[in-house]
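What follows is a short report on a single structure.
Residue numbers (the UniProt record's numbering): 1 to 88.
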(Lines of atoms letter the chains of each structure in order from A and count residues from 1; the text may use other names and numbers.)
(Lines give C-alpha, C1' and ligand atoms only; values in the text may rest on other atoms or scores of the structure.)
Protein backbone atom coordinates (compact mmCIF):
# COMPACT_ATOMS: atom_id res chain seq x y z
CA UNK A 1 0.00 0.00 0.00
CA UNK A 2 1.32 3.47 -0.88
CA UNK A 3 1.81 6.09 1.83
CA UNK A 4 0.20 9.51 1.32
CA UNK A 5 1.68 12.55 3.04
CA UNK A 6 1.01 16.28 3.00
CA UNK A 7 3.78 18.87 3.12
CA UNK A 8 2.69 22.36 4.17
CA UNK A 9 4.65 25.61 4.41
CA UNK A 10 3.80 29.29 4.61
CA UNK A 11 3.33 29.80 0.86
CA UNK A 12 1.70 26.49 -0.09
CA UNK A 13 1.18 22.79 0.33
CA UNK A 14 1.20 19.58 -1.66
CA UNK A 15 0.20 15.97 -1.25
CA UNK A 16 2.64 13.22 -2.19
CA UNK A 17 2.43 9.47 -2.54
CA UNK A 18 5.43 7.47 -1.32
CA UNK A 19 6.19 3.89 -2.28
CA UNK A 20 6.03 1.61 0.73
CA UNK A 21 9.73 1.27 1.53
CA UNK A 22 11.43 0.91 4.92
CA UNK A 23 12.38 4.61 4.81
CA UNK A 24 8.89 5.81 3.89
CA UNK A 25 7.29 3.55 6.50
CA UNK A 26 9.64 4.90 9.21
CA UNK A 27 8.91 8.48 8.13
CA UNK A 28 5.14 7.84 8.21
CA UNK A 29 5.41 6.37 11.71
CA UNK A 30 7.04 9.61 12.92
CA UNK A 31 4.31 11.90 11.55
CA UNK A 32 3.22 14.56 12.14
CA UNK A 33 6.44 16.55 12.35
CA UNK A 34 7.64 20.09 11.81
CA UNK A 35 11.09 20.57 10.32
CA UNK A 36 13.18 23.32 8.79
CA UNK A 37 13.23 23.23 5.01
CA UNK A 38 16.64 23.19 3.36
CA UNK A 39 16.79 23.81 -0.37
CA UNK A 40 19.30 22.74 -2.96
CA UNK A 41 18.47 23.59 -6.55
CA UNK A 42 14.98 22.25 -7.22
CA UNK A 43 14.97 19.93 -4.22
CA UNK A 44 13.72 20.48 -0.69
CA UNK A 45 15.27 18.58 2.22
CA UNK A 46 14.19 18.31 5.83
CA UNK A 47 15.56 16.58 8.91
CA UNK A 48 13.63 13.58 10.11
CA UNK A 49 13.44 12.25 13.66
CA UNK A 50 15.05 8.83 13.24
CA UNK A 51 17.14 8.01 16.30
CA UNK A 52 20.86 7.58 15.68
CA UNK A 53 21.54 4.33 13.87
CA UNK A 54 17.85 3.67 13.14
CA UNK A 55 17.57 5.38 9.75
CA UNK A 56 16.96 2.67 7.14
CA UNK A 57 18.54 4.63 4.29
CA UNK A 58 20.85 7.38 5.52
CA UNK A 59 23.35 7.78 8.35
CA UNK A 60 22.54 10.49 10.93
CA UNK A 61 22.00 13.35 10.76
CA UNK A 62 19.51 12.25 8.16
CA UNK A 63 17.37 14.18 5.75
CA UNK A 64 14.46 13.35 3.52
CA UNK A 65 14.22 14.83 0.03
CA UNK A 66 11.21 16.04 -1.89
CA UNK A 67 12.17 16.59 -5.52
CA UNK A 68 10.22 19.29 -7.31
CA UNK A 69 10.70 18.08 -10.88
CA UNK A 70 7.16 16.69 -10.99
CA UNK A 71 5.52 19.81 -9.58
CA UNK A 72 6.35 23.49 -9.42
CA UNK A 73 4.59 23.76 -6.03
CA UNK A 74 7.88 23.39 -4.18
CA UNK A 75 9.25 26.48 -5.95
CA UNK A 76 7.66 28.56 -3.18
CA UNK A 77 9.59 26.79 -0.39
CA UNK A 78 12.44 28.95 0.88
CA UNK A 79 15.50 27.77 2.75
CA UNK A 80 14.69 27.96 6.46
CA UNK A 81 10.88 27.80 6.06
CA UNK A 82 9.05 25.75 8.68
CA UNK A 83 7.74 22.65 6.91
CA UNK A 84 4.92 20.55 8.38
CA UNK A 85 4.75 16.93 7.26
CA UNK A 86 1.65 14.89 8.11
CA UNK A 87 -0.54 12.06 6.89
CA UNK A 88 -2.77 13.07 3.98
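From the three backbone atoms N, C-alpha and C, an ideal C-beta is built for every residue, glycine too.
- The DSSP assignment places 22-29 as complete runs of the alpha helix (DSSP H) inside the UniProt domain "Cyclophilin TM1367-like" (4-50), in order along the chain (cut-off: 4 residues).
- Rounded to whole angstroms, the separation of the alpha carbons of residue 45 and residue 78 is 11 Å.
- Under a 10 Å Cβ-count criterion, residue 85 is classified as buried, with 16 or more other Cβ atoms of the shown protein chains found around its own Cβ.
- Nearest neighbour of residue 42 by Cα position, chosen from 75, 83, 24 and 82, turns out to be 75.
- The beta carbon of residue 87 sits closer than 6 Å to the beta carbons of 31 from its chain, once the five residues preceding and following it are set aside; these are given in chain order.
- Counting along the chain, residue 77 sits inside no beta strand (DSSP E), nor does DSSP assign it H or E at all.
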